[in-house]
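Below is one structure, written out as structure tokens; the observations come after it.
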Amino acid sequence: MAEICRRLDGLPLAIELAAARVTVLSPEALLARLEHRLKVLGGEQRGVPDRLKTMRHAIAWSYDLLSPHEQALFRQLSAYTGGFALDAVEAIASDADDPYGPLDALAALIAHSLVQRMTQSGLDLRYSMLETLREYGLERLEAEDELPAARTAHATYVMRLAETAESGLVGPDQAHWLDRLDAEWSNIAGACRWGNEAGQPEVTLRVFGAIWRYCTSRGRSTEGRALLDVALRATSGEDSLERSRALAVAGTFAEVRRDLVVAHEFLEQARAMASRIGATSVEIGALIGLGHVARDRGDFTEASDAHTRAMTLAQETGDRRQLASALANMAAVAYYQGDTAGAERHWEDAREIVAVLGDRAAEAVLLGNLGALASSRAEYSRAVALQERALELGREIGDRPAIAHALGNLAEQLLYQRDYATAETCLLESLPILRELGLRGSEGQGLHIAAQLALAQGDLQHAAASLLESTRCFVEIDDELAVTENADILARICAKRGDRAIAIELLAAAEAHRTKLGAESKPVEGRENERLSSQIRQAVSEGTWRRHWRTGGAMSLAALADVVVEVSRSASGSPSLSAPDPIDTLTRREREVLRLLTDGLSTGEIAQTLFISPRTATTHIANIFEKLDVNSRAAAVAYALRSGLAG
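Residues 711 to 1357 in our numbering are what the sequence shown lists, from first letter to last.
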């Protein structure tokens, strides 16, 4: 009942009319029909004035008291969802060449209780229209044959707003624009959905090409990606600045979710198109994204090449913000390769640029990176101070990913300082945010720290349980380097449990794969690995050490991941799953391909739907056949249907 009252905006007449329906409808059935309030509330009451007989009559009575230009404003404003700012009213009046001025008309709507002023201080005044009234306004738009024009005007306003916000999202007014776009999100998403449905996909391309930083800051990458996918499919084959920008943004959104194959496909398409049409700024952004994806895959040479090209173009064009991004990513590559001096130089250069620009979100990330660098040098007090400042900046602008990452980084520094209680408090706040945002890689890192924290306090069972969940995150997103770091932690757990043979093999496998990736352990972890290796070598014979070291060194990365999962599960006390269902071995991308196979799509159609090459689609299908032990599409589809994966 409370939800019914809420859906009826708490209007006494609406509630009274709805109550009359309970003789024929259950509360649940009534609630389900309230999407069309005026139709449900259309029954007439007897013995009351005409204006109170139905909800539509009541609203019409107030509407009829308005002047023609006030009625027009009411109709146009009904296209907005979730409220609107004063500049939206001014834009409508400007487009209509209203001689009376928007403030007078707005005041009349407020006086007749058709619009409400929302409680908000400062210059960003916002107004709202109850959903019941808005539904009536939309009816009037249709009756006047104005709905298409109103939707177009609404989308135009949203595009202008997004493009105005773009520069503000990297400047000193960043917090203001993040909050403003929060307030406008219903309008933004609504305009893009309408554009996609009305054959105007350029609305979505332009909007997300401008506000992608907002989406990553506020955890809206998944919603943005879904809207962009529709618009990109509708414009397939076109070369334009808007499409190239949108492809780069879609790649960024995919990379945030660590969907690296798709991210690479989008970003490479964006880079190639930008190069063809001379959109240098887009090309720089795409190169930075490609470098990021390469680093995520552990290909540091490719990552360095991409970031170097981006740096060169940014310097040539004077694009300071993108230069900072390229520098920051070059620093990360240097850091993972053990070049801490180069990493510090690049990160400090990038921080200097973003500080001048007033980009606090970027500064928070860079402070966190510099904090990790300080920690690697055992400068723990400085590391904590840097992470605390990063957290402060993240909270100032409400950047939830930045807050969660800063908390995780801070937990790691506090762990090294043996402040276990505060470290645990940080993780308890960080991990739920990361899970809610679907940031599986970052969640895996947080669980990795949780495992270290439990291990430091002698709780081997909880350490193994955290490590198990962490490894599942990393396997899902194919983070090879992170799997080796988990193997190091598991080796310590095994050594404490007396399982020295497994510990040796884990250490050897992790070191071998880091060497293949061209990466190094974090200095703190490297020192701990050396200490553990020395300790074990003193406890076993040289022959035993060499035999297990060779075994571990020959282990494939897939086998290492399986060992980490199985041993972690055993050490955590979880039941063994030595023979998992083959369907559970499919990667996220392979599951998507299998679902499309069940829909009857051809290889080419699958490639087009997922924005991948036909060759990549063929490879995914072959992998599915091998993992499910089938030799035809029909058999794979049947397996999916039996397992409940389809649909």
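All residues carry an ideal CB built from backbone N, CA and C; glycine is no exception. Keep in mind the model is a prediction, meaning the values are calculated, not measured.
Asked: What three-state label does DSSP hand phenylalanine 1321 in the structure shown?; Found: coil
Asked: Taking Cβ to Cβ, would you say arginine 1150 is nearer than 7 Å to glutamate 1186?; Found: yes
Asked: Sort Gly919, Cys925 and Ser927 by Cα distance to serine 950 and report the nearest one.; Found: Gly919
Asked: So what's tyrosine 790 in DSSP terms, helix, strand or just coil?; Found: coil
Asked: In this structure, does DSSP put arginine 700 in helix, strand or coil?; Found: Outside the modelled stretch of the chain, which goes from 711 to 1357, sits residue 700, for which no answer is possible.
Asked: Please report the residue range of the beta strand (DSSP E) in which serine 838 lies.; Found: 836-838
Asked: Ordered along the chain, which non-local residues of its own chain (more than five positions away) have a Cβ less than 8 Å from that of serine 1266?; Found: none
Asked: Does alanine 1268 pass the burial test, meaning 16 or more other C-beta atoms within 10 Å, or should it be called exposed?; Found: exposed
Asked: Among the residues of its own chain, which have a CB less than 8 Å from the CB of alanine 1065, if the five just before and after it don't count?; Found: Glu1073
Asked: Within a Cβ cutoff of 8 Å, which residues of the same chain sit near leucine 937, ignoring the five residues on either side of it in sequence?; Found: Ala899, Cys902, Arg903, Asn906, Thr914 and Phe918
Asked: Output yes or no for whether 7 Å exceeds the beta carbon distance between isoleucine 1322 and glutamate 975.; Found: yes
Asked: Name the DSSP beta bridge partners of glutamine 826, please?; Found: Ser838
Asked: In the DSSP assignment, find the alpha helix (DSSP H) that holds leucine 1163 and state where it starts and stops.; Found: 1150-1166
Asked: Can you give me the start and stop residues for the alpha helix (DSSP H) that glutamate 1215 sits inside?; Found: 1210-1227
Asked: Near glutamate 933, what residues of its chain come up, given a Cβ to Cβ distance below 8 Å and the 5 sequence neighbours on each side ignored?; Found: Ala899 and Cys925
Asked: Locate the alpha helix (DSSP H) running through glycine 1262, then write down its first and last residues.; Found: 1252-1263
Asked: Would you tell me roughly how many angstroms separate the C-alpha atoms of leucine 1163 and leucine 888, rounded to the nearest one?; Found: 35 Å
Asked: Can you grab the Cα-Cα spacing for the pair leucine 796 / leucine 816, in whole Å?; Found: 9 Å
Asked: Which word fits glycine 1314, buried or exposed, when buried means at least 16 other C-beta atoms lie within 10 angstroms of its C-beta?; Found: exposed
Asked: Starting from asparagine 1341, trace the alpha helix (DSSP H) in both directions and tell me its first and last residue.; Found: Taken as a continuous stretch (DSSP letters only), asparagine 1341 belongs to no alpha helix (DSSP H), as it is neither H nor E.
Asked: Which residues mark the beginning and the end of the alpha helix (DSSP H) in which glutamate 1089 is found?; Found: Note, glutamate 1089: premise wrong, no alpha helix (DSSP H); not H, not E.
Asked: In this structure, what does DSSP give as the bridge partners for alanine 875?; Found: BP columns for alanine 875 are empty, so no partner.
Asked: May I ask you to verify whether the stretch 947-967 touches the stretch 1089-1105, counting CB pairs closer than 8 Å and requiring at least 3?; Found: no
Asked: Note down, one range per segment and in chain order, each alpha helix (DSSP H) of at least 4 residues found wholly within the stretch 855-916.; Found: 857-878 and 884-907
Asked: Using DSSP's beta-bridge definition, name the partner residues of alanine 795.; Found: Arg836
Asked: So, does the stretch 975-990 touch the stretch 1004-1011, judging by three or more C-beta pairs under 8 Å?; Found: no
Asked: With burial defined as no fewer than 16 other Cβ atoms inside 10 Å of the residue's Cβ, what is the status of proline 812: buried or exposed?; Found: buried
Asked: Could you give the DSSP three-state label for threonine 1018: helix, strand or coil?; Found: helix
Asked: What's the gap between the Cα of leucine 857 and the Cα of leucine 848?; Found: 7 Å
Asked: Identify the continuous alpha helix (DSSP H) that holds glycine 1052 and give its terminal residues.; Found: 1050-1067
Asked: Using only the alpha-carbon positions, how far apart do glutamate 841 and glycine 793 sit?; Found: 10 Å
Asked: What does the Cβ neighbour count give for serine 1085, buried or exposed, with the cut at 16 atoms within 10 Å?; Found: buried
Asked: Say whether the stretch 1170-1185 touches the stretch 994-1001, bearing in mind that this needs 3 or more beta-carbon pairs closer than 8 Å, one atom from each stretch.; Found: no
Asked: Going by beta-carbon coordinates alone, are alanine 1060 and alanine 1034 separated by less than 7 Å?; Found: yes
Asked: Between which two residues does the alpha helix (DSSP H) holding aspartate 1006 run?; Found: 990-1007
Asked: Who are the near neighbours of glutamate 1134 in its chain, counting only those whose CB is closer than 7 Å to its CB and skipping five residues on each side?; Found: Leu1163
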